[in-house]
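Student: Protein chains in written order, with this note's numbering: chain R, -6 to 301; chain X, 5 to 405; chain Z, 20 to 432.
We put the beta carbon where it would ideally sit given N, CA and C, even for glycine.
One structure coming up, written as structure tokens, with questions to follow.
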Amino acid sequence: MLSGYTASELLSIFAMQGFAGLSLFSVFLLMALGLAVIFGQMGVINMAHGEFMILGAYTTYVTSNLFQAYAPGLFPIYFFVAVAVSFIAAGALGALVEWAVIRHLYSRPLDTLLATWGLSLILQQVYRSIFGAKEVTVILPDWMMGALQVTDSIEIPINGLIVLVLTLIVTVFMWAVMFRSRLGVQLRAVVLNRPMAGAVGINTALVDRITFSFGCGIAGIAGCAFTMIGSTGPTAGQLYIVDTFLVVVFGGAGTLIGTICSAFGIAQAQSVMEFFMSGSMAKVITLLIVVGILMIRPQGLFSVKVRK
Amino acid sequence: MKSKIAAKLSAVLIGAALACAAGQALAGDNPIAVTDKAVTVGILHSITGTIALSEAGSVQGEKLAIKEINKQGGVLGRQIEYVQEDGASDWPTYSEKAQKLILKDHVATIFGCWTSASRKAVLPIVEQHDNLLFYPVFTEGLESSPNIIYLGPDATQQIIAGLDWVINEKKAKTFYFIGSDYIWPRTSFKIARKYIEDKGLKVVGEEYYPLGHTQFNSVINKFKLKKPDVIFSTVVGGSNVAFYKQMKAAGIDLAKEKPLLLTTSVTEDEVLGIGGENIEGGYSIMKYFQSMKNEENEKFVKDFKAAYGEKSVIGDTTESAYLGPWIWKAAVEKAGTFDIDKVRAALPGIELVKTPNGYVKVHENHYMWMKTYIGQAQKDGQFKIVHGSELMEPNPFMKGY
Amino acid sequence: MKTPALASSNKGFALNLTVLLALLVLVFPSSMDIFRLNMMGKYLSYAFVAMGLVLCWGYGGILSLGQGIFFGLGGYCMAMFLKLEASTPEYTASQTTPGIPDFMDWNQLTELPWFWEAFKSFPLTLVLILLVPTVFAYFFGLCMFKRRVGGVYFSIITQAIACIMTILIVGQQGYTGGINGITDLKTCMGFDIRTNGAKLFLYYLCVFLLVLAVLLCTWVSRSKAGRLLVAIRDDEQRVRFSGYDVANYKIFVLCFSAFLSAVGGAMFTLQTGFMSPSFVGIVASIEMVVFCAVGGRMSIYGAIYGTLIVSVAKTAISENFPELWSLLIGAIFIGCVLVFPKGLAGLYADHVMPFLSGLDGRLKGAFRGAREDREAQIEALRDVPADKVLLGVPPQFLSGDGMDGIDDGRSLS
């Protein structure tokens, strides 16, 4: 399919396709970061992760409407406010859920799956009751739309760039929290050896709650970012859940670098294959490859050495 | 001793089973719920699940029509009462609920279904129990049940009208197809490809993505590589939102018509989710647009907004759904009875001269004669009508396709 | 080796089976019309899956979120046979190629794909219904368990497989009917499956097969394999070090549950007259897990009652308050996990049974009889595997799903 084109045409397509892969990578990574904390570190199978993302998306929707109504002059920068508000909203809900449900289930990981699946159904219905069954559109300020003309034939979508930058910031933020903050040290201590961490004076229950809420908050940011590229509807969250879990599991639960590599690998594989074959088949083959590799290497690409 | 008890027990059970069987088998045919004052009909759409966002409008259209008919004195002097069931975006549920409506509520007809799959699930039920289904969505054709009235345009009515227009008016030569992966897009493109290739023009790409897919950057790059004159989209549901947002972000300005976007899957309802600014300039092929200028439509839009709020919009399927009860009423009145066989016999040839989308008539094959229009999406979420076809005959089984 | 406890558990078993039979064979048919009975039959076909999950998840600790795959494969095999029978050359005369299923014609297929050929024969179809899902489960299990993929990872991978299967079935619509599924099925071996008489017959057939499945499940759960599964669930390493090939037992139970699910899928197709890819997906698969969890993941009967209760509630509530249903089922999930993890069976065993037997005891005034009865009934309800009995520990001293009472792996053998 590539015959009959000039070299420069091909070059620019490769450049843009490379960026398409990068942009898919940032989407996958952003989805997976929150889950990497919740599932990777805490072992909670949060099936409502998609719904936390949608909460972020709806928060963005509400924020944009509020800005339009009350502060039209500030509309161009509302998105930054929305990111923060989404983080707080999803984080707060996360803390509530942890307190009400999750904390009773730490010893039964498979049961967290059922409980959070129930939670996801409830949240979907709540969204439907509040915002209606129809999808809502989040209006973006003009500067965030359109494409950046790099050369005559290479155009890079601006919103893709924003998601990419946002992903980088969130990743660095998360790395700092996990590996350079007191909370991170405590969290890793709790994950490695809960009784021992408690014995040295760490309030493990509090660490659990903050961590869960932090992971949900990241999901909220992801949802906020997705309003730029995808749909915001009550059931949109379900679309992401399988992909998200696969990214985390494939990377190896509990490793940040693993999650990044796996998001990159899956995104590039899917993006490249989509270019050469139908979208449906590309998806099937990507999933099959991931499952295949997981069978050979069940612990994922990277694994943390933990003495059990 | 054990075996004795077991034998006795099984004897009793078998006896009871046979008695029940006899009782059940005798329960004979299924009357319809008509009293001197009222007649019951069924409404069967998803109000939960993934398709709920699309079906919400249809429910509103049907309820509005029923309300208006009742205000005018009902059908044959009876007020219409409806029983509403939730298909829950799940095809087996549609089948179950259709049975419930027919067998338990004894409805005189069903207005409902949305996706092809839901219609296929209900089809055997209405055929077996000889009831009626008024189906409000554009369809792929390839089906003509005596018990279903297809209110929307069939694939040929939408596609041929649209293709003729882009080929003649816009001088389009190359086409790129993109659709969600299920039967309606695939059949639509099958028809479109044949039509295009018969004219000596070229289809440069054909792509299907799973329902709910949200990443279209790769296919957008393929557009840029192949440079088709026309992108023909049958992407549906949530994927639509992602598709148009990403097109816009990738620098494809639809208003420049390079490439031109043609779609058979975007109505005013979908634009609500997509956002007018993201699809501005694209062309949609439908039998109805909210912006149509005629007396009936102005009244319809006013009544609809009065019932469902100033912000509500009306898409093609909502209007089709609105037509359903009116066509049924006309057929019942022509037949002079609610008896389903007679109503069914009366249906072909029923015409409504003044509807929001103009003249429609029921064909022998239970599809509708109608005109097809092409509207260009505007920033405010409405469509500007740029072309209207002649009255088109429905042709669900096109020769050679 | 028939200990008194085991004998009394047999007594409880007979009681449970009688109650179930009375309900399914007498109460339902006499109190419902054919439409509702047909719905019950449909729910019962889900119960096969739930029972499979009891063994797989409750006993084996393997939570498969892809049981819908097996249910779907069984159902599709049946549907393919019925579809071929419905697609007679006369009925499909208007097609380009008469005699092939309508959806193939729409997708420009001009002859029957090779893998459809086998479904022309009814006996072969019956074999394939059972064989295809089981063999699929075998190879899947082989890949997963031999590589020691377990727990949460297994669950997530089954989800991915369910996702792949759905995309494949939907995408290959010329061969599978796509998202519409295989619809408009009419007759089976010449018998019209849509008549009231046929529906009644199919209901009883479903009940008959269900009882067979109950017997089979009970047998498996009481066998050595069943006991080993519980041991594997509670401490896989210990069983492995005791010299057992853990993977083989896991593969066995996965295959067994796939086998049951396939039977359910085939019965579903027969009773509803179509098969849809929505059963292969994740949502349907998780719903099956909920049936099992509500009923009680350790109780075979609980799974059946759980399936019936949740399904009936779903229908009843969604007929009246469709919006409420999602909220309610969500709450049931959470409640089920938080408040009564042992499900209905646990509730019954912990609260209802003691009360009833207390009553019974007072009436009889005979301490010994009541005590025996109570023990028997509690045990049957919990379906406590016989290994606990072997140790001579009365079941009420054991926690519901723990093996705390066992301190030596060797006592299992």
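So, using beta-carbon positions, are Ala42(X) and Arg82(X) closer together than 9 Å?
Tutor: A contact, by the Cβ cut-off of 9 Å.
Student: Could you run through the stretch 188 to 199 of chain X and flag, in chain order, every residue whose CB is less than 7 Å away from some CB of chain Z?
Tutor: So the list reads Arg190 and Thr191, given in the order they occur along the chain.
Student: Please list, in chain order, the residues of the stretch 98 to 112 of chain R that have any C-beta partner in chain Z closer than 7 Å.
Tutor: Taking 7 Å as the Cβ-Cβ cut-off against chain Z, the residues of the stretch 98 to 112 of chain R that qualify are Leu98, Pro102, Leu103, Asp104, Leu106, Leu107, Ala108, Trp110, Gly111 and Leu112.
Student: Quick one: does Asp52(Z) have its CB under 9 Å from some CB of chain X?
Tutor: Yes, because at least one Cβ of chain X sits closer than 9 Å to the Cβ of Asp52(Z).
Student: How many angstroms separate the CA atom of Val390(X) from the CA atom of Trp330(X)?
Tutor: Straight-line Cα distance between these residues: approximately 28 Å.
Student: Ile152(X) bridges to which residues according to DSSP?
Tutor: DSSP output for Ile152(X) lists Leu137(X) as bridge partner(s).
Student: Could you compute how far the alpha carbon of Gln294(X) sits from the alpha carbon of Gln179(R)?
Tutor: Cα to Cα, the separation comes out at about 60 Å.
Student: Terminal residues of the continuous alpha helix (DSSP H) containing Leu48(X)?
Tutor: No alpha helix (DSSP H) holds Leu48(X); the beta strand (DSSP E) holding it covers Ala42 to His49.
Student: I'd like to know whether the C-beta of Ala26(X) is nearer than 9 Å to at least one C-beta of chain R.
Tutor: At Ala26(X), the pLDDT of 45 sits below 50, so the modelled position is not reliable and the matter cannot be decided from this model.
Student: Under 6 Å Cβ to Cβ from Asn39(R), same chain only, skipping five residues before and after it: list those, please.
Tutor: The answer, listed in chain order, is Ile31 and Thr109.
Student: For the stretch 79 to 106 of chain Z, which residues have a CB atom closer than 8 Å to at least one CB atom of chain X, in sequence order?
Tutor: Correct list: empty, as no residue qualifies.
Student: Taking C-beta to C-beta, are Tyr194(Z) and Met97(Z) nearer than 9 Å?
Tutor: Not a contact, by the Cβ cut-off of 9 Å.
Student: With a threshold of 16 other CB atoms inside 10 Å of the CB of Gln76(X), please say whether the residue is buried or exposed.
Tutor: That one is exposed.
Student: Where Ala217(Z) and Leu229(Z) are concerned, what is the direct C-alpha to C-alpha distance, given to the nearest angstrom?
Tutor: Near 18 Å, if we compare the C-alpha coordinates of Leu229(Z) and Ala217(Z).
Student: Inspect the beta-carbon positions of Leu215(X) and Val240(X) and report whether they are closer than 9 Å.
Tutor: Contact: yes.
Student: Can you confirm whether Val283(R), when its beta carbon is compared against all beta carbons of chain X, has any partner nearer than 9 Å?
Tutor: So no, Val283(R) is outside the interface.
Student: From Pro373(Z), Pro142(Z), Ala332(Z) and Leu161(Z), pick the residue whose C-alpha is nearest to that of Asp264(Z); which is it?
Tutor: Comparing Cα positions, the closest option is Leu161(Z).
Student: Applying the 10 Å Cβ sphere with the 16-neighbour rule, what's the burial state of Lys276(R)?
Tutor: Classification for Lys276(R): buried.
Student: Let me see if you follow: with CB-CB separation under 9 Å, is Tyr212(X) close to chain R or not?
Tutor: It does; some Cβ of chain R falls within 9 Å.
Student: Looking at the secondary structure, which residues open and close the alpha helix (DSSP H) in which Gln76(X) lies?
Tutor: Unbroken run through Gln76(X): none, as it is neither H nor E.
Student: If we cut at 9 Å on Cβ distances, does Leu161(R) have a partner in chain X?
Tutor: Leu161(R) does not count as touching chain X.
Student: According to DSSP, simplified to helix, strand and coil, what is Val284(R)?
Tutor: It is helical.
Student: Counting only Cβ-Cβ distances shorter than 7 Å, please list the residues of the stretch 146 to 174 of chain R near chain X, keeping chain order.
Tutor: Within the stretch 146 to 174 of chain R, the qualifying residues are Glu148, Pro150, Ile151, Asn152 and Gly153.
Student: What are the boundary residues of the beta strand (DSSP E) that Gly392(X) is part of?
Tutor: Counting along the chain, the beta strand (DSSP E) containing Gly392(X) begins and ends at Phe387 to Met396.
Student: Mind listing which residues of the stretch 37 to 69 of chain X have their C-beta closer than 8 Å to chain Z's C-betas, in chain order?
Tutor: Taking 8 Å as the Cβ-Cβ cut-off against chain Z, the residues of the stretch 37 to 69 of chain X that qualify are Ile51 and Thr52.
Student: Just checking: is the beta-carbon of Lys305(R) within a distance shorter than 9 Å of some beta-carbon in chain Z?
Tutor: Limits of chain R in this structure are -6 at one end and 301 at the other, which puts residue 305(R) out of reach.
Student: For Met163(Z) and chain R, any beta-carbon pair shorter than 9 Å?
Tutor: Judged by the 9 Å Cβ criterion, Met163(Z) is in contact with chain R.
Student: Is any beta-carbon of chain R found at less than 9 Å from that of Glu323(X)?
Tutor: Chain R, which has no Cβ nearer than 9 Å to the Cβ of Glu323(X), makes this no.
Student: Which one of Ser280(Z), Ile351(Z) and Ser64(Z) has the shortest CA to CA distance from Leu150(Z)?
Tutor: Measuring from the Cα of Leu150(Z), the nearest candidate turns out to be Ser280(Z).
Student: How about Ser120(X): is its C-beta nearer than 9 Å to some C-beta of chain Z?
Tutor: Chain Z contact via Cβ: present.
Student: In chain Z, which residues lie less than 9 Å from Tyr363(X) when you measure between Cβ atoms?
Tutor: None at all; the shortest Cβ gap to chain Z is about 29 Å.
Student: Might you give, ordered along the chain, the residues of its own chain that have their beta carbon closer than 8 Å to the beta carbon of Val44(Z), omitting 5 neighbours on each side?
Tutor: Around Val44(Z): Tyr223 and Val226.
Student: Does the separation of the CB atoms of Cys311(Z) and Leu72(Z) fall below 9 Å?
Tutor: For Cys311(Z) and Leu72(Z), yes; Cβs fall inside 9 Å.
Student: Assess contact between the stretch 228 to 236 of chain R and the stretch 182 to 191 of chain X, defined as three or more Cβ pairs (one per stretch) separated by less than 8 Å. Is contact present?
Tutor: No: fewer than three Cβ pairs fall under 8 Å.
Student: In the DSSP assignment, the alpha helix (DSSP H) including Gly354(Z) goes from what residue to what residue?
Tutor: Counting along the chain, the alpha helix (DSSP H) containing Gly354(Z) begins and ends at Pro341 to Leu357.
Student: Would you say Leu265(X) lies against chain R (beta-carbon separation less than 9 Å)?
Tutor: It does not; no Cβ of chain R falls within 9 Å.
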